[in-house]
Amino acid sequence: MSGPTPPPQYQSLYRACVKDAAVASGELMRATLARALGELPAQAAAIEDLVDRNLLLEAADVLREQQQALAAAFPQALLAEIAQAIAGDRVSSLSFDALPLLGDEQVQENADLVRGAHELEAAVRPELAALEAALEAAQLAPRGGRQRHPLRPEVYARGIYRLARQSPVSPAVRRRWLRHLPALMAPELARTYAALAQRLRPAGAVPAGADEDVARETLEGTTQLTILELRRLLGGAPAAEVADEGVIVFSDSDFSATVPAALEMVQDMRKVDQLLLQLRQRQAAMPGQQKDSLAAFREALRQEARRPSQALGLEVVHLMVDQLAGDPRLLPAVRDIVRDLEPPLLRLALVDPRFFSDRQHPARRLLEQVTQRSLAWASPRDAGFTAFLEGLQQATEVLLDVGAHGPDTFEIALSALQEAWDEVQPRGRRNRERAVRALMRAEQRNLLAGRIARQILERPDAARAPREALAFLTGPWAQFMAQARLADTTGDEDPGGGWWVVQAVLWSVQAALAARVAGQHRTLVARIDEGLAAIDHLPADTDRWQNLLSALRDLALSAATGSALRAGEPEPAPETSATWLAPLEIYESGFVPETSAPAGMEASEPDTLPPPDLDVGAYVDLLGERWERWQLTWASPHGLLFMFTHANGTARSMTRRKLNGLLAQGTLRLVSSQPVVEGALDAVARAAWRNSSSL
């Protein structure tokens with residue numbers, strides 16, 4: 011990713027915008043409810059069906075009774091949805107894989123939710139486009155996901171849904187609220203978006219012309235697929251239909267030729283093979299006509315599909331591939347590979363519907379591996395991408411050429427690809443394993459050192475100790491004590507004599523206590539040298555600590571004896587970090603040292619806030635001498651350390667404070683958190699929800 015780095019104030023302004031929008035949503039809901047109470051009775055009067063008319067009137071009456079309570083509760087409901095959106099919307103019931111888990115009532119309510127969100131978005135599109143252009147210009151939206159910000163119309167509609175679910179009303183009333191309230195919110199939400207876009211504009215975030223409406227990639231209008239049809243495909247057809255269709259699900263040993271339905275399908279697949287051969291010949295004869303020949307192939311397969319589930323499977327594969335081929339996160343060459351995979355996937359969909367319901371299906375895993383691994387390269391010119399692409403092309407050729415139709419072919423292709431990838435980067439795998447071991451040791455030691463540091467500060471004799479001495483004891487010396495305790499196998503209460511040093515240092519630097527340890531200075535110096543050497547503490551830093559402690563001891567003795575010879579002021583303490591790694595651990599894990607927090611940022615914020623929308627597997631762009639693509643491949647169990655891996659096998663690790671600091675500065679940007687295939691299937695599901703006008 012390229013482009014200017016957004017100034018930190020954009021991040022602060024963005025957070026303020028989100029917070030203010032949530033706070034102001036109470037007034038927004040109050041105006042929405044007032045509009046609803048004025049318009050719903052007229053809408054009810056226009057309904058011919060007496061039952062539906064009365065239900066809408068009842069919903070309006072209940073709305074009037076709970077008007078104040080709903081307006082007061084909406085900000086909290088919206089905040090919960092905003093938090094979920096920031097976290098990546100991982101638990102959305104509208105996802106492709108969640109469909110088989112929904113009950114009938116949930117399906118109906120979610121269909122109303124999707125329709126309401128769609129109507130709301132259509133009504134505020136100009137103002138929404140201006141806001142999203144401002145966010146994109148300020149580089150505050152994920153790459154390829156300008157519509158994924160937490161203030162999108164869908165989040166407001168979800169806030170209404172959450173509010174309705176929390177209210178003590180009947181399902182019939184709740185459904186009518188979901189059906190009508192989102193669209194009635196449009197005027198206020200449009201004004202909110204316009205105000206937010208205007209608020210960003212003085213900061214210089216929006217270049218001239220950036221607030222024009224933009225084209226949105228959507229499946230709307232390209233399919234008549236409904237959510238009930240998708241549920242049927244994912245959950246399995248009724249027993250009677252299965253018996254009628256003879257749908258074949260492959261086992262490890264493939265299907266038996268003695269089953270009549272299997273023989274029938276074999277005949278079908280011979281026709282498919284002929285169509286596929288014609289497709290390859292046509293592509294070879296007319297390379298520029300690939301799109302047309304694919305369309306002809308799809309149409310020919312539709313003609314061969316004799317069962318509703320087969321036609322449905324073909325439709326879902328086509329929509330999924332279309333979505334993947336238009337994903338801006340994928341490089342053009344990878345999108346071409348995805349297009350090339352459509353014929354074998356279509357062929358598979360005719361005979362093995364498990365592709366849609368089983369995330370471990372070989373074909374689905376192959377598609378996920380291809381798309382996810384490709385995100386490791388931001389440009390086709392990046393080192394390693396050519397070799398990666400050549401392997402994909404060879405695997406695609408195999409899938410296009412072989413005559414097998416079940417999952418085994420995809421399993422073979424996936425295994426071959428994984429072997430090729432492992433051969434290319436054996437060193438990278440070993441580096442990652444070594445780095446993880448180093449970081450696990452470091453986190454365990456740092457957590458224990460933190461507990462020891464708190465125990466030191468709670469000692470009565472630490473209350474009046476100089477802060478420089480406490481910095482040494484709670485910093486490098488606590489690290490030594492933690493390491494000694496972790497390495498000890500004898501059960502010693504004080505392995506390495508660490509607590510003796512703690513007491514000796516605390517007494518030696520306080521005038522009232524210095525006399526008690528006046529003859530132990532040489533022993534103390536030797537113990538400190540020995541202990542810090544045991545954890546590979548840098549000798550230069552050890553010398554600085556020793557000089558500092560020596561100066562503090564001289565000051566304490568001078569004050570205790572009333573000597574006229576006063577020691578000089580101690581030198582500043584060496585810089586230290588709450589998370590310490592030994593030099594070898596830094597080398598093995600590519601550890602990035604912490605720096606001071608950006609001006610204006612609260613000191614506690616990077617420590618307390620988890621990195622937003624960053625799960626293991628997510629890809630980011632990191633700015634060094636230039637922008638580079640990295641993948642988050644490991645996070646420590648306590649969320650204190652994170653490791654990123656480059657396509658060349660190099661590891662880079664950092665603390666949570668450092669990671670949040672880079673995000674705030676705009677020198678680390680999220681590229682992708684959700685798996686690409688999962689996102690494409692979710693887009694298919696959303697299109698089906700929008701088409702489900704009557705359930």
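Position one of the sequence shown corresponds to residue 11 (our numbering), numbered consecutively onward.
Backbone N, C-alpha and C fix where the C-beta goes; we use that ideal spot for every residue, glycine too.
Nearest neighbour of residue i, chosen from the options [CA to CA]
i	options	result
ALA645	PRO417, ALA393, ARG442 and THR499	ARG442
ALA143	LEU399, ALA204, GLU75 and LEU402	ALA204
PRO190	ALA44, GLN176, CYS27 and ALA628	For the record, residue 190 in the displayed sequence is His; it is not Pro. Among ALA44, GLN176, CYS27 and ALA628, the Cα nearest to that of HIS190 is on ALA44.
ALA430	ARG383, TRP509, GLN465 and ARG474	ARG383
VAL344	ALA693, VAL686 and ALA695	VAL686
LEU669	VAL694, ARG696 and LEU633	LEU633
GLN333	PRO318, ARG679 and GLU352	GLU352
ASP471	ALA305, ALA69 and TRP509	TRP509
LEU356	LEU410, GLN370 and ARG339	LEU410
GLU407	VAL361, VAL348, ASP362 and ASP368	VAL348
LEU424	LEU399, LEU138 and PRO372	PRO372
GLY36	GLN78, GLU503, LEU67 and GLU421	GLN78
Sequence-distant residues of the same chain with beta carbon closer than 8 Å to residue i, five excluded per side
i	result
PRO593	ASP546 and LEU548
ARG185	GLN118, GLU119 and ASP122
Where residue i falls: helix, strand or coil (DSSP)
i	result
VAL179	coil
ALA132	helix
HIS159	coil
THR499	coil
TRP640	strand
ALA140	helix
ARG469	coil
VAL259	Here VAL259 scores only 37 on pLDDT, less than 50, and its place in the model is too uncertain to base an answer on.
ASP392	coil
ARG317	coil
LEU673	helix
HIS648	coil
ARG447	helix
SER683	coil
Alpha carbon of residue i to alpha carbon of residue j, nearest angstrom
i	j	result
ASP62	MET195	22 Å
PRO417	VAL72	54 Å
GLN675	ALA690	31 Å
ALA193	ARG242	30 Å
GLY506	GLN684	48 Å
LEU480	THR665	23 Å
PHE395	GLN404	14 Å
LEU358	GLU131	36 Å
VAL216	VAL630	Because VAL216 sits at a pLDDT of 42, beneath the cut-off of 50, its placement in the model cannot be relied upon, and the following sentence gives the value as read from the coordinates. Their backbone Cα atoms lie some 24 Å apart in a straight line.
LEU322	TRP699	15 Å
ALA133	LEU199	9 Å
LEU427	GLY649	32 Å
ALA475	SER568	16 Å
ASP625	LEU385	15 Å
PHE652	SER682	17 Å
ALA525	VAL28	60 Å
ALA561	ILE538	15 Å
LEU38	ALA127	16 Å
ALA147	ALA140	10 Å
SER177	ARG40	16 Å
TYR24	HIS159	11 Å
LEU571	GLN556	Residue identity check: residue 571 is Thr in the sequence provided, not Leu. Approximately 22 Å between the Cα atoms of the pair.
Integer-rounded CB distance, given that residue j should sit under 8 Å from residue i
i	j	result
VAL512	LEU558	The pair is not a contact, with the Cβ atoms about 16 Å apart (cut-off 8 Å).
ALA81	VAL165	Not quite, the Cβ-Cβ distance comes to about 18 Å (not below 8 Å), so this is no contact.
ALA566	VAL515	That pair is no contact at about 11 Å.
PRO486	LEU534	In fact, because the Cβ distance is near 15 Å, the residues do not count as touching under 8 Å.
THR660	GLY600	6 Å
ALA657	ARG639	7 Å
ALA695	PHE106	4 Å
SER180	ALA445	Not quite, the Cβ-Cβ distance comes to about 57 Å (not below 8 Å), so this is no contact.
THR589	ASN456	5 Å
LEU340	THR381	6 Å
Same chain only: Cβ atoms within 7 Å of residue i, ignoring 5 sequence neighbours per side
i	result
ALA463	THR484 and ALA488
ALA31	LEU161, THR202 and LEU206
GLU91	VAL165, ARG168, GLY169 and ARG172
ARG74	LEU47
ARG636	none
LEU458	ALA492, ARG495 and LEU496
Distance cut-off 7 Å: residue i Cβ against heavy atoms of the ligand MG
i	result
GLY336	In the structure shown, the ligand MG is absent, as is every other ligand, since no ligand is present at all.
Same chain, Cβ closer than 6 Å to residue i, five either side skipped, listed in chain order
i	result
ARG741	No information on residue 741 is available, as it lies outside the stretch 11 to 705 that the chain covers here.
LEU591	ALA452 and PHE601
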